[in-house]
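Trainee:
Residue numbers (this note's numbering): 1 to 119.
(1) Pick helix, strand or coil for residue 149, following the three-state DSSP scheme.
(2) Here's the rule I'm using: 16 or more other beta-carbon atoms within 10 Å means buried, otherwise exposed. How should residue 88 be labelled?
(3) Compute the Euclidean distance between the alpha carbons of residue 54 and residue 76, then round it to the nearest angstrom.
(4) When you compare only the Cα positions, how much space is there between residue 38 and residue 10?
(5) Closest to residue 101 by C-alpha separation, out of 12, 56 and 43, would be which residue?
(6) Can you check whether the CB of residue 85 is closer than 8 angstroms to the CB of residue 68?
(7) Do you know how far the Cα of residue 49 is from the Cα of residue 81?
(8) Got a sec, what are the start and stop residues for the alpha helix (DSSP H) residue 58 sits in?
(9) Alpha carbon to alpha carbon, how far is residue 111 from residue 30? Give it in angstroms, no decimals.
(10) Please go through the segment 81 to 119 and give each complete alpha helix (DSSP H) segment of 4 or more residues, from N-terminal end onward.
(11) Taking C-beta to C-beta, are residue 28 and residue 116 nearer than 8 angstroms?
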C-alpha cells in the first residue's frame, strides 16, 4: 500500500460529535409546570370542559327546580303535595344529576392526565 505524500491527516480538536444530546421530547407536563403558553392552553382546556359540565348541571337544575314555585302557587292548599314533590320527586333527579356531574368531571380529568402523560 503506497502512501500518497499529498494526503495528510488533520486533527480537529473540539467537542465530540457523538455526545448524547438532550432529547427534545415533547412533554406537556413540562409545559404546564413552566407555565408556557401551551401549558396555559392545556389547563384552560381542562377548566373549560369542567365549566361546561358545571353549567350543564346548573341549567338542568334551574329547569327542574325553577318551575316549582309556580306549581306550588297554583295549588296553595296542597301542603302535602309540596312535601311530596320536594322530598320524593326531586330527590332522585338531584342524586342522578350529581352522579352524572361527578362522572363527567372525573372523565375530563382522566382525559387530561392521558393527554399530559408522556407517550
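Even glycine gets a Cβ: it sits at the ideal position worked out from N, Cα and C.
Mentor: Walking through what the data contain:
(1) This structure gives no information on residue 149, because the portion of the chain shown stretches from 1 to 119.
(2) exposed
(3) 33 angstroms
(4) 47 angstroms
(5) 56
(6) yes
(7) 38 angstroms
(8) 37 to 65
(9) 17 angstroms
(10) 91 to 116
(11) yes
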